[in-house]
Amino acid sequence: MEDVMDASMDLGTTSHQHPQGLHHASNTQYANLNADSVVAGVPPPREQFKEIAVKVHIRRPERDTWAYMGRGIVTQELTGQSSRVVVRAQSSHKILTVFGEGAALQAERRGNFVVIGCVDGGRVVSWSLNALNNSDTVRLLASIELACYASKQAMVDPVMHGAFRRRVARIIKDDRRRRHRRRKDQDSMVDAFARTGLGGGMDAEEDSEPGSVQNAGAPPPAEPVPIPAPVVMPIPEPAPAPVPTSEPALGSNLFAGYSQQ
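Note that this note's numbering gives residue 167 to position 167 of the sequence shown, counting from 1, and the numbers run on in steps of one.
What follows is the structure in structure tokens.
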């Protein structure tokens, strides 16, 4: 009887301990799943932005030529969920310009150049960033588009954001059209001035240098004609007075010459 009770107690013990092991294993798996979910929920560390070396040019409003600003360094600065692109001078580290979220600009790629047209009121200031290679050019354009185009307004009010982008593009297009018209007018004035021939005399004098190819077959210039020296003319002497007679003739009171001493 005691053996039967011991056996039943052993069975009860083993049957009672088995669910504890299953519960412990399930708790361990649940803890591991929670740890994995926590690790997966943490955002991975952001990749450090590599600086891009560029040559910086600027075209100011109502100007048709670019002005060289020197060499610069482009960096991307992250602030929370937004970012901005900063262009600094390579030597002095002075900030030349900043492209941030919601800026009224339009970026275009032209070869290894990234041209950014910034709208300031009704005027347009253009920046040209010349990267060293194709890879840096693509990264630079992507950084500017990510920092400036992906704004909160696009998610809150996409209609207003689209109208804003179209207005910026229209202002930049009108500014480009005015620059092309001014350049065309200047070329027309230069052509008209060349057709008048007002500057032909100066060009002929510049080309008349000795030994030039154009004047190689021309005859030599004639020698200048010498001017004769003035001839000294003799001064005439007065005529001698006549010998007076005993009786003066009629009209002897007239002057007949100098008296002889």
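Every residue gets a Cβ at the ideal spot worked out from N, C-alpha and C, and that includes glycine.
In this text the structure is predicted, and so the values were computed from the model without any measurement.
_Using the Cβ count rule (16 or more neighbours within 10 Å means buried), how would you classify Leu22?_
Confidence is the limiting factor: at Leu22 the pLDDT is only 43, short of 50, which leaves the residue's position unreliable, though a coordinate-based value still follows. Exposed, by the Cβ-count rule.
*If we ignore side chains and look at the alpha-carbon of each, how far apart do Met189 and His161 end up?*
43 Å
_Burial state of Asp120 (16 or more Cβ within 10 Å)_ = exposed
_Tell me the rounded alpha-carbon separation between Lys184 and Trp127._
23 Å
_His161 (DSSP reduced to helix, strand or coil)_ = helix
_Can you tell me where the beta strand (DSSP E) holding Ser126 begins and where it ends?_
Taken as a continuous stretch (DSSP letters only), the beta strand (DSSP E) holding Ser126 covers Arg123 to Ala131.
_Tell me the residue span of the beta strand (DSSP E) that contains Ile73._
Per DSSP, Ile73 belongs to the beta strand (DSSP E) from Ala67 to Thr79.
*asked:* Spatial neighbours of Pro236 within its chain, please: C-beta separation below 7 Å, excluding the five flanking residues on both sides.
replied: none
_Which of the three DSSP states is assigned to Ser135 in this structure?_
Looking at Ser135 - three-state DSSP - the assignment turns out to be helix.
*Report all residues from its chain with a CB closer than 8 Å to the CB of Glu145; omit the five preceding and five following residues, and keep chain order.*
Ala107
*asked:* With the cut-off set at 8 Å, would you say Gly117 and Leu105 are in Cβ contact?
replied: In this structure, Leu105 lies closer than 8 Å to Gly117 by Cβ.
*Taking the DSSP output, what are the residues bridged to Gly100?*
In DSSP, Gly100 forms no bridge with anything.
*Contact under 8 Å by Cβ, Gln139 with Ile73*: A small fix is needed here, since residue 139 is Arg in this sequence, not Gln. Not in contact: Arg139 and Ile73 (Cβ atoms no closer than 8 Å).
*Span of the beta strand (DSSP E), counted from its first residue to its last, around Lys55*: Ile52 to Arg59
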